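Numbering (my numbering), first residue to last: 4 to 120. Even for Gly, the Cβ is constructed at its ideal location relative to N, Cα and C. Bear in mind that the values here come from a model prediction, so they are computed numbers and not experimental data. These notes are about the structure you will find just below.
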């Protein structure tokens, strides 16, 4: 593996990991909001907005490169947006977990291809 391929691998790995961490945090905020764990609606909105900004930034880092799990990342973001608008009873964690698994599998495949290049 060349230095360039190694650097590219590490950069992509970090971008994918940052995106997963951001989506995990945002989905946790959605859960806490639906569960009524924030002291008031303003605090819930502020937490959700802050988490959204981090997810959006991490997603944009994946999106700007013409290869990789773009569609899978978008599907995961869409599932989180649905969580954020749903009540505790309406939240669909199974579809969120599935979208996350699909993203992880796609990211792994992309990273493997990067190593083999």
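Contiguous beta strand (DSSP E) elements confined to the region 18–95 do not occur, taking only those with 3 or more residues. Taken atom to atom, the span from the alpha-carbon of residue 92 to that of residue 35 is near 13 Å.
Secondary structure at residue 120: coil, using DSSP grouped into helix, strand and coil. An exposed status is given to residue 111, since fewer than 16 other beta-carbon atoms sit within 10 Å of its beta-carbon.
Nearest C-alpha to residue 47 among 88, 95 and 120: 88. Nearest Cα to residue 58 within the set 76, 67, 11 and 98: 76.
Beyond the five residues adjoining it in sequence on each side, residue 117 comes within less than 7 Å, by CB distance, of 8, 11, 12 and 15 in the same chain, given in chain order. For residue 30, the CB contacts under 7 Å within the same chain, skipping 5 residues up- and downstream, are 83, 86 and 99 in chain order.
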